[in-house]
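For reference, the structure is listed below as structure tokens.
2 protein chains.
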Amino acid sequence: MTARQKILVLGGGFGGIFAARKLARLAPDLVDVEIINRTNYFVFQPLLPEVAAGAISAADAVAPIRALLPKVRVRQAEIVAINLDEKRVEVAQGTGRRRIQVGFDHLVLALGQVADLSRVPGANDHALALKSLADAFALRNHVLHCLELADVTEHPEEKKRLLTFVVIGAGFSGTETVGELADLVGRSLRFYRNIERGEVRFVLMEYADRILPELPQSLADYAVRRLTGRGVDIMLNTALASVTNDAVTTGDGKTIETWTAVATIGNAPSPLITSLDLPMQWGKVRVDQYFRVAGFDNLWAVGDAALVPLADHGEAAGYAPPTAQFAVREGRRLAHNIVAEIRGTPPTAFEYASKGALTSLGMQKGVATVYGVRLTGFPAWLLWRSFYLSFLPGWATKIRVAVNWFLDTIVPRNTVQTHRFQRPATRYIHYRAGDTVFEPGMRADGFYMVLDGAFELLIDDDSLDAPYRKTYRPGDHFGERAIFGKGAYVGSITAIEDSRVLVLRAADFERFVAAFPAMEQYFDDYLPAAFPPALLGRAESVAEDEPEPMREAAGGPSD
Amino acid sequence: MTARQKILVLGGGFGGIFAARKLARLAPDLVDVEIINRTNYFVFQPLLPEVAAGAISAADAVAPIRALLPKVRVRQAEIVAINLDEKRVEVAQGTGRRRIQVGFDHLVLALGQVADLSRVPGANDHALALKSLADAFALRNHVLHCLELADVTEHPEEKKRLLTFVVIGAGFSGTETVGELADLVGRSLRFYRNIERGEVRFVLMEYADRILPELPQSLADYAVRRLTGRGVDIMLNTALASVTNDAVTTGDGKTIETWTAVATIGNAPSPLITSLDLPMQWGKVRVDQYFRVAGFDNLWAVGDAALVPLADHGEAAGYAPPTAQFAVREGRRLAHNIVAEIRGTPPTAFEYASKGALTSLGMQKGVATVYGVRLTGFPAWLLWRSFYLSFLPGWATKIRVAVNWFLDTIVPRNTVQTHRFQRPATRYIHYRAGDTVFEPGMRADGFYMVLDGAFELLIDDDSLDAPYRKTYRPGDHFGERAIFGKGAYVGSITAIEDSRVLVLRAADFERFVAAFPAMEQYFDDYLPAAFPPALLGRAESVAEDEPEPMREAAGGPSD
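So the sequences go chain by chain: A and B. Under my numbering, the first residue of the first sequence is numbered 103, with each subsequent residue one higher. Under my numbering, the first residue of the second sequence is numbered 103, with each subsequent residue one higher.
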């Protein structure tokens with residue numbers, strides 16, 4: 103008789119969910135299964151572009167993990183560290199102040215990959231991702247926010263930036279995203295009197311020489327026709343060189359002025375996996391055909407986090423592609439193999455041939471290849487939706503979602519901006535040489551700390567004998583003078599080199615300085631030393647930024 | 103022939119929306135109407151408790167203002183200042199860096215009221231409100247987060263706080279909220295193995311001697327029976343004395359340990375209105391029976407922001423109650439009167455008698471009194487939902503929402519925690535004397551600046567000859583040592599008086615110090631001066647708080 107074994111699954115994507123479910127079903131007498139995930143729900147990731155576009159509601163693209171895995175212990179927590187020697191994982195729950203250790207006998211790494219564009223200057227700080235439900239909400243709100251601003255701005259160059267939407271990467275995710283965004287904007291335009299359809303521009307930027315490399319060329323051609331027909335500008339053979347506050351630049355030196363860059367490229371291993379010093383290749387953990395990590399008898403990896411050799415091709419011939427279809431089968435096979443390992447029976451190599459591939463292009467159109475049959479248009483789109491329905495737990499839920507989708511074909515959903523646009527408290531901003539940070543009359547929105555590059559302050563008005571200039575370099579800061587004066591800039595600040603700053607939001611800066619005497623003292627000393635008296639206290643007086651006195655800081659649990 | 107007049111409506115609640123709509127319809131040849139609102143959608147506020155409970159989806163409780171008001175110019179912006187003399191309003195759009203002036207001939211104040219509990223210590227910082235869609239999301243996520251934590255905590259006193267939910271105020275909003283929360287938790291419990299129904303407590307706290315004062319006593323009695331039958335503890339004649347990080351205290355000295363206090367009381371005028379020096383009474387702008395503010399011929403107020411005398415009672419006899427029913431009629435009448443003013447015809451006094459009142463109690467039960475007829479249970483609830491449907495623009499939308507509501511009666515929606523629990527970057531926390539802030543082993547979550555009161559640090563372990571104590575008073579700070587050490591607390595910090603701090607989140611603090619040399623220098627000097635060498639660099643080394651390297655600071659428009 104074997105002792106009960108604790109199987110700990112890290113990550114609630116396709117691989118993790120299906121591994122945990124199969125484990126709990128295969129050997130309830132033998133194993134206790136626990137899954138740890140950052141959220142308490144499973145996201146059907148391929149539907150995120152449709153959530154971002156408001157084509158389906160968020161509630162219809164997710165399923166509570168507890169409902170999917172009734173026999174598994176579910177822990178919503180942030181994983182802090184993995185200790186393989188001591189067979190335990192440290193997690194942070196809630197605000198993460200207490201350190202909690204979760205032990206295991208077998209550990210399954212199903213952590214997927216993270217978005218990482220650190221090789222492209224500015225991309226991590228300025229490009230939007232589409233990996234989580236929060237990303238999808240953020241993208242939708244951002245796009246609607248751009249329309250709101252474009253409708254009322256009086257600056258043509260700003261309007262152009264606001265109405266240019268760039269999607270980087272033309273795989274499944276990028277292609278679908280640009281199609282769905284074109285829909286969202288197209289459907290919304292009738293509400294914005296001051297925006298002409300011709301003023302809106304969509305760009306799909308791809309490094310390779312074609313889109314949708316996972317699909318046959320004929321289907322990709324169909325997708326190209328559909329997208330260009332809806333006004334999407336497809337730029338092939340184009341590398342992403344940098345992303346700044348208001349532009350994207352390409353490898354061949356083009357600049358696209360935009361406030362919306364969505365990056366669907368740049369996957370990297372989870373930092374948790376990097377920290378483990380495991381055998382890696384192409385950003386994934388190398389496993390054998392049984393999902394076991396070399397050198398361990400209780401460590402397994404599955405899904406996008408793992409490089410899984412395909413049994414029928416041999417290791418040199420091919421690896422499982424990072425798709426939901428494969429992750430589901432990998433998870434199930436992995437479960438069998440862990441149980442075999444515990445029972446002392448031989449494991450089975452992973453073997454699976456793709457049944458096809460499919461994607462939506464928005465507007466109830468899709469492309470699909472299934473068992474060698476190629477579909478386009480509405481049938482492909484319908485197949486795509488059905489594929490998701492098959493994953494939902496319980497018939498009742500399936501019916502509810504199906505009815506809603508049917509309703510959506512008749513009555514489009516409200517695409518309202520459900521969240522107020524709010525800057526994060528601290529953020530990094532990249533500027534190109536020549537970019538204007540502030541113009542006279544603008545109100546200070548933050549405290550700017552220079553990290554790289556240089557900026558010039560220029561004050562030039564009638565009350566001064568000569569224009570006043572001041573240069574800010576790394577270690578210097580600006581913006582505090584206007585914040586303290588509750589006022590507006592009297593000069594302009596321009597980047598004179600390619601530069602990077604950290605900005606602390608004005609409201610947080612004010613609270614912070616008021617609560618921290620050493621900081622207050624610093625500025626009391628700094629300002630008279632840094633500026634001539636004529637320039638101090640000159641900020642024009644306007645009302646405060648935030649008329650609402652409270653509600654930003656509601657209380658909550660402390661653990 | 104009269105010149106075209108610009109009517110500017112501030113605020114998109116019931117009063118503002120119906121005034122703007124009527125104005126644009128009554129005299130399209132005579133007036134240009136613009137409405138300014140913080141969001142681009144209208145929220146049916148009475149449904150917010152149901153959104154918070156996940157009983158209906160957010161998209162079904164809102165309507166895009168542009169769709170409601172096709173003939174009105176809609177501006178989504180934050181109002182910064184109102185200048186009556188110069189007939190212009192300053193607004194901030196987007197990040198609000200440019201100052202934009204919007205002129206008017208007639209100004210309608212439809213700004214409602216804001217939540218303000220500044221008279222109750224700690225309430226503004228710790229109590230949750232239910233005024234906006236964002237509040238409703240925050241409440242739902244907070245409650246689900248409490249369940250997640252309660253399911254895994256090993257500390258019984260924490261579990262109790264996590265499972266105690268206090269709603270303050272037993273008017274329509276509070277009564278409905280506590281009913282809906284009881285539903286939400288009740289429906290969710292089956293997914294949480296480690297929570298027993300008997301461990302969950304709901305409290306409805308009310309200053310008066312009865313609930314639902316707007317309804318006849320017999321209906322209130324019915325509501326009391328319904329709520330107590332579902333386990334809600336109703337505390338009447340109970341004042342709110344304070345809210346701290348983990349408790350609510352009452353006027354008669356009781357303490358209820360809780361991490362969830364929802365306040366539906368404490369309305370105050372918008373700070374924008376306060377700034378205007380208008381005739382005020384009970385926190386509202388005094389207007390005449392034509393909605394005109396005394397002393398102005400082009401300034402009007404409507405809805406909750408206004409104190410509207412009822413014509414049929416005389417000024418001493420009564421004022422319009424702050425309900426949607428009245429606001430809608432007020433808005434329409436106001437529109438007529440503005441047009442009359444422009445045309446030079448006499449205005450008409452506002453006259454309206456309530457047709458009744460109704461509210462939902464959750465679980466498809468309600469109470470209503472309509473034209474003198476009293477309804478309870480399902481019929482009242484159905485009437486309540488129908489009332490909302492009548493406000494939705496267009497038949498198609500009405501049908502979609504109705505079908506969804508019907509589906510919800512068969513298949514409950516997924517109540518997933520759609521947003522990751524995230525602290526604001528800076529927040530104020532109130533502690534009672536004796537409260538523990540940190541215990542040894544906890545990880546530093548922020549930089550704490552003492553504003554009021556006092557705290558004691560106590561380090562007492564084997565490596566020290568004697569326990570080390572240090573007191574922090576206003577102007578002092580703690581938390582930085584553990585953040586810099588990337589580690590955990592080695593001692594405990596306890597409030598030794600009733601205290602208040604400002605906390606800057608650890609991740610933001612780290613970025614800030616790294617980007618600001620003067621701060622770095624301050625701490626380099628401070629730490630060796632403040633602590634004996636034996637205590638420095640002692641923080642136990644653990645991995646970083648945030649395994650995810652990016653995504654918190656996505657880029658966006660700068661104006």
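Where is the CB? At the ideal position from N, CA and C, for every residue including glycine.
Cβ-based neighbour list, F146(B), same chain, cut-off 6 Å, excluding 5 preceding and 5 following
Spatial neighbours of F146(B) in its own chain (CB-CB distance under 6 Å, excluding positions within 5 residues in sequence) are listed in chain order as A163, Y490.
Expected contact under 8 Å - CB spacing of R476(A) and S377(A) to nearest Å:
Not a contact, Cβ separation roughly 44 Å.
Can we say the segment 135-142 of chain A touches the segment 442-461 of chain A, given the rule of at least three CB pairs closer than 8 Å?
no
Could you tell me which residues DSSP puts in a beta bridge with Q215(B)?
P371(B)
Have a look at V690(A) and F239(B) and give me their C-alpha separation to the nearest angstrom.
With chain A running from 103 to 661 in the structure shown, residue 690(A) is simply not present.
According to DSSP, simplified to helix, strand and coil, what is N142(A)?
DSSP places N142(A) in the coil class of the three-state scheme, outside both helix and strand.
Could you compute how far the alpha carbon of V404(B) sits from the alpha carbon of L211(B)?
6 Å
3 or more residues per run - each beta strand (DSSP E) lying fully within the segment 324-412 of chain A
334-337, 342-346, 349-352, 357-359, 362-365, 369-371, 386-388, 401-403
Looking at chain A, is there any beta carbon in it that lies within less than 8 Å of the beta carbon of G577(B)?
yes
Please classify K262(B): does DSSP put it in a helix, a strand, or coil?
helix
How should G416(A) be labelled, buried or exposed, when 16 other C-beta atoms within 10 angstroms of its C-beta is the threshold for buried?
At G416(A) the pLDDT is 47, less than 50, meaning the model places this residue with poor confidence and gives no usable figure here.
For Y473(A), count the other beta carbons within 10 Å of its own beta carbon; 16 or more makes it buried, fewer makes it exposed. Which is it?
exposed
Within 8 Å of any Cβ in chain A, is that where the Cβ of E654(B) sits?
Annotation note: pLDDT 29 at E654(B) (below 50); position unreliable, no value reported.
Identify the continuous alpha helix (DSSP H) that holds L283(A) and give its terminal residues.
Annotation for L283(A): the continuous alpha helix (DSSP H) segment containing it runs 274-290.
N-terminal and C-terminal residue of the beta strand (DSSP E) that I181(A) is part of
180-185
Examine chain B for any beta-carbon lying closer than 8 Å to the beta-carbon of S320(A), and answer yes or no.
no
Beta carbon of T573(A) nearer than 8 Å to that of A556(A):
yes
Listed in chain order, which residues of the segment 348-380 of chain B have Cβ atoms closer than 9 Å to some Cβ of chain A?
D348, W361, T362, A363, A370, S372, P373, L374, S377
Using a Cβ-based criterion (distance less than 7 Å to any ligand heavy atom), does L314(B) qualify as near the ligand FMN?
The ligand FMN is not among the ligands present in this structure, which contains no ligands whatsoever.
Strand pairing of R98(A), partner residues [DSSP]
The first residue shown for chain A is 103 and the last is 661, placing residue 98(A) beyond what the model contains.
Go ahead and pull the three-state DSSP assignment for R640(A).
With a pLDDT of only 49 at R640(A), under 50, the local geometry of the prediction cannot be trusted, and no value is derived from it.
For the segment 528-543 of chain A, enumerate the residues whose C-beta is nearer than 9 Å to any C-beta of chain B, in chain order.
Closer than 9 Å at the C-beta level to chain B, one finds these residues of the segment 528-543 of chain A: T528, R529, Y530, I531, H532, V539, F540, E541, G543.
Quick one: any contact between the segment 418-427 of chain B and the segment 106-114 of chain B, if contact means 3 or more CB pairs under 8 Å?
no
Which stretch, first to last residue, makes up the beta strand (DSSP E) that contains F304(A)?
303-307
Using a C-beta cutoff of 8 Å, does R640(A) count as contacting chain B?
Any reading at R640(A) needs caution, since the residue's pLDDT is 49, under 50, leaving its predicted position unreliable; the model's value is listed next. It does not; no Cβ of chain B falls within 8 Å.
Quick one: grab the DSSP three-state call for L209(B).
strand
Which chain B residues sit within Cβ distance under 8 Å of L553(A)?
A617
Thinking V345(A) and V222(A) are a contact (beta carbons under 8 Å), I'd like their distance in whole angstroms, please.
7 Å
Spatial neighbours of A194(A) within its chain, please: CB distance less than 7 Å, with the 5 preceding and 5 following residues excluded, ordered by chain position.
Only A179, E180, V182 meet the Cβ criterion.
Status (buried if at least 16 other CB within 10 Å, exposed otherwise) for I444(A)
buried
Are any of the Cβ atoms in chain B nearer than 8 Å to that of D406(A)?
no
Cβ closer than 7 Å: which chain A residues qualify as neighbours of A620(B)?
Y624
Any beta-carbon of chain A closer than 8 Å to the one on P315(B)?
no
Provide the residue(s) that pair with L460(B) in DSSP beta bridges, ordered along the chain.
A470(B)
Taking C-beta pairs closer than 7 Å, name the residues in chain B that E250(A) reaches, listed in chain order.
Taking the beta carbon of E250(A) as reference, the chain B residues within 7 Å of it are N142, Q178, listed in sequence order.
Pick from N347(B), G288(B), T279(B): whose alpha carbon is nearest that of L232(B)?
T279(B)
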